[in-house]
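See structure below.
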Amino acid sequence: VDLDPEQLRRQVVLVTQEHHIFLGTVRDNLLIAEPSAGDAELWAALAAVGADDWVRELPDGLGTELGPDSPHRADGSRAQQLALARVVLADPHTLILDEATALLDPATARHTERALAAVLEGRTVIAIAHRLHTAHDADRVAVMEDGRLTELGTHDSLLAADGAYAALWHSWHGERPGLPDQRPS
Numbered sequence: 276v277d278l279d280p281e282q283l284r285r286q287v288v289l290v291t292q293e294h295h296i297f298l299g300t301v302r303d304n305l306l307i308a309e310p311s312a313g314d315a316e317l318w319a320a321l322a323a324v325g326a327d328d329w330v331r332e333l334p335d336g337l338g339t340e341l342g343p344d345s346p347h348r349a350d351g352s353r354a355q356q357l358a359l360a361r362v363v364l365a366d367p368h369t370l371i372l373d374e375a376t377a378l379l380d381p382a383t384a385r386h387t388e389r390a391l392a393a394v395l396e397g398r399t400v401i402a403i404a405h406r407l408h409t410a411h412d413a414d415r416v417a418v419m420e421d422g423r424l425t426e427l428g429t430h431d432s433l434l435a436a437d438g439a440y441a442a443l444w445h446s447w448h449g450e451r452p453g454l455p456d457q458r459p460s
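Reading the sequence shown from the start, the letters are residues 276 to 460 in this note's numbering.
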């Protein structure tokens, strides 16, 4: 399919661990993705990524000014949530998530990924991640070692293959291959 650059930007969206907050309000930062969105859509996008609670706590909610000189600066994790809310609003066909939840604490990252999964159902998503729970949820996992693709398959098939992915998975869970589950109860 031949897409002009504008169509391509609307259909394929990249979210990295580098986050951007633009001068203006929370609303302004979200409308970049979908200028015609109403407040209800903005709140729904924020809820989808678990950011609605902290935005509601801001003095002017969606109308609160953000930026380096604002008393309401968004830290890295909040900026990342705003970036993910922009993705929800952009509604792309294909999404590339490059460590998109890396700045979130593990519990918030997991919650955000689960919420996003429902929103991203039926889309092509390429998730570049070091957190194994992200790989666990994928339809297919590609394992890279020293810049080379060494394994490709589902979570279950890679565990059964007992290669690098399985070793990482067992190590992450405090297990040693060949021994019963060693995780604390």
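Yeah, the Cβ is synthetic: ideal placement off N, Cα and C, and Gly gets one too.
- Beta-bridge analysis with DSSP links D373 to T291 and I403.
- Counting other Cβ atoms within 10 Å of its Cβ, G397 stays below 16 and is therefore classed as exposed.
- Between the alpha carbons of T376 and T383 lies a distance of about 9 Å.
- Between V301 and P367, the C-beta gap is not smaller than 8 Å, which leaves the two residues out of contact.
- Residue nearest to D412 within the set L424, R423 and G428 is G428 (criterion: CA-CA distance).
- For L306, the enclosing alpha helix (DSSP H) begins and ends at V301 to L306.
- Bridge pairing for L341: G299 [DSSP].
- Annotation for P346: no residue places its beta carbon closer than 7 Å to its own, counting only its chain and skipping 5 residues before and after.
- R331 sits in a helix when the DSSP states are folded into three classes.
- Taking the Cα of I307 as reference, the smallest distance to any Cα among A393, H408 and V362 is reached at V362.
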